[in-house]
Every structure is written in structure tokens, then in C-alpha cells.
Amino acid sequence: MTRRSSTPQYTYKQYFRQEEKQVKKRIILVAGATAVIVLIIWFWGVNFINLIGILGGFFSGKSSDVTFQSQDLPLVKPTISPLPPSTNQKSIKIEGTTTASLTVKIYVNGVQQSKTTANSSGSFSFDNVSLREGLNLIKIIVEKDQEKEEATASLVFDKTSPKLTLREPDDGTVISGTSKEVVVSGNAESDSVVQINGTQAILDQKGNFKYILPLKAGKNAIVTVATDEAGNTTRIERTVILEKTEETTSP
57 MTRRSSTPQY
67 TYKQYFRQEE
77 KQVKKRIILV
87 AGATAVIVLI
97 IWFWGVNFIN
107 LIGILGGFFS
117 GKSSDVTFQS
127 QDLPLVKPTI
137 SPLPPSTNQK
147 SIKIEGTTTA
157 SLTVKIYVNG
167 VQQSKTTANS
177 SGSFSFDNVS
187 LREGLNLIKI
197 IVEKDQEKEE
207 ATASLVFDKT
217 SPKLTLREPD
227 DGTVISGTSK
237 EVVVSGNAES
247 DSVVQINGTQ
257 AILDQKGNFK
267 YILPLKAGKN
277 AIVTVATDEA
287 GNTTRIERTV
297 ILEKTEETTS
307 P
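Using our numbering, the first residue of the sequence shown is number 57, and each one after it goes up by one.
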């Protein structure tokens, strides 16, 4: 009589099924990784291959011998570093970024002023960009393989001093009695900043301001300065005299 094995036969079937599942998982993972690599190469092209070369050179200690070539890099839309809304300077510096090693052209109000080459990290700068009084439209243009990208910005060149008038006090005003302060009031451009002896005054919507200034005995210099958004200033100086009062004592 033939003896049956004590190990159930279905155990072997389960084992082979598990192995089959593991093989299928490995095949799926390999296929997925291959598809990802193919897609990366399709989107990045030569850049991906160069990147692999750079990484390989880095780990082998020869990274300095491997560099990106500008013709291998995709065209990146340029950016312009933030500019002030207005300035009182006739020329300014303009900086930005784009594709490394590309020629960068700058236009101001439709006229090309200069060109430069972006460095290996894609940064570029233009010194002494000339402005005309009023609104200036800045445009940065880069081109590659018949493609063109641009960035724009604007700022105002304003060299006119802001309006500032003082209603009070009059120059040379003499204050006597117990008062030890004077009211400084006037009007300025509503978007300007007004300081009285270094302290900022509050302007209403029409540019009116009123400030109470403490005085010391004798001559008091009052300096009122208005500064506009472009940095232009208007200055008015007044002098107020606070008379000394003699203290009286009871007999």
C-alpha cells in the first residue's frame, strides 16, 4: 500500500502562485520605471543625458569636466527683479534671470538700449539703464532656435519736488505766557510723507496735516520736510521763539 505524504499537495500550488505574483510585480515595476525614464528623456531630451553625465562625473570626481551647453537648455521665460514704482534717478540697474548663456536684450520705451549674456546660472544685469521723465516701459527679450520669450515691467522717472505749504506758524513767531508748544499745520501731496523735526505727521485724504510741537525756552527751529514716492523732497524751515517767563514767589 502506498503511503500518502503528510504535507498537503495544495501547499506547493500556493507556493508557486506566490512566486508567480512576485514575478508579475517585478515585471510591472521594471516596466513602470522604464516608462518614466523614457518620458523624462522625451521631455528633457539631451538635458537629461547631460544631467546623468554630470552626476556620474560628480561621483567619479570629474564633475568639473562636464558642463551644460546653452544650446542644450530649454528656453526659459525671463524674469525681472522687482523695481520701485518710481524713482528720481535718471538711470537704474535692472537684474533678472533666464536660460543660462543666452543673449539678453533690454528695451526701454520700445528702443533697444543694450544687450548682455546671462551667466552660467542664468542671471543677468544691466547697469545705468537710461530713463526718460514720466512712465518708462521696460522689456527683456531672449531668443533661441526661432523661439522668443519676454518679460515686462514699468516705473516712473520723477524729478519734481513735491508740493508743501505751511499755514502756521509764521517765521519768527514769538510765544509768551504759559504755553510751551506751537501748532504746525499745512498741506502737502496726499501720497507724500511729511516729517516735522524728524517726527512723521498724519495727512488726511487732501494732504492736510496738523502737528503740536513742544518748545523749549529761546529759539526753536522747525524743519518740515515732504518726501514723495520717488524720493524727491521739499523742505521749509521756520523759527519760533519761546519767551522765558520769570517765576514769582509769594511774599
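Cβ coordinates follow ideal geometry from the N, Cα and C atoms, glycine included.
This structure is a prediction, so every number in the text was calculated from the model and none was measured.
Start and end residues, beta strand (DSSP E) containing residue i
i	result
Val164	Thr159 to Val164
Gly190	Gly190 to Lys200
Val230	Thr229 to Ile231
Val167	Val167 to Thr173
Asp214	Per DSSP, Asp214 belongs to no beta strand (DSSP E) and is neither H nor E.
Thr295	Thr289 to Leu298
Gln251	Val249 to Ile252
Thr280	Gly274 to Thr283
Cα-Cα separation between residue i and residue j, rounded to whole angstroms
i	j	result
Val79	Leu85	10 Å
Gly274	Asp284	33 Å
Lys236	Val279	18 Å
Asn264	Ser246	8 Å
Ile105	Thr143	Its pLDDT being 49, under 50, Ile105 is placed unreliably in this model, and the coordinates cannot settle the point.
Phe182	Pro134	14 Å
Ala277	Asp260	25 Å
Asn243	Ile194	34 Å
Ile359	Arg223	An answer regarding residue 359 cannot be provided, because it is not within the stretch 57 to 307 covered by the chain.
Ile93	Thr173	33 Å
Of the residues the options, the one placed nearest residue i, counting alpha carbons only
i	options	result
Gly152	Leu220, Gly274 and Gly178	Gly178
Val167	Asn192, Pro130 and Asp226	Asn192
Those residues which DSSP pairs with residue i across a bridge
i	result
Ile268	Val239
Neighbour flag for residue i against chain C, beta carbons, 9 Å
i	result
Asp226	Although the question refers to chain C, the structure presented lacks it and comprises just one protein chain.
Handout entry: the region 182-190 / the region 213-221 touching (three or more Cβ pairs under 8 Å)
Key = By the Cβ criterion, the region 182-190 is in contact with the region 213-221, since at least three pairs of Cβ atoms, one from each stretch, lie closer than 8 Å.
Problem - At least 3 beta-carbon pairs within less than 8 Å: the region 286-303 vs the region 225-241 - result: Because the criterion of three Cβ pairs below 8 Å is met, the region 286-303 and the region 225-241 touch.
Practice task
Mind the definition here: the region 151-167 touches the region 192-202 only if three or more C-beta pairs lie below 8 Å; say whether that holds.
Solution key: As far as the Cβ criterion goes, the region 151-167 touches the region 192-202, which means the pair count is three or higher.
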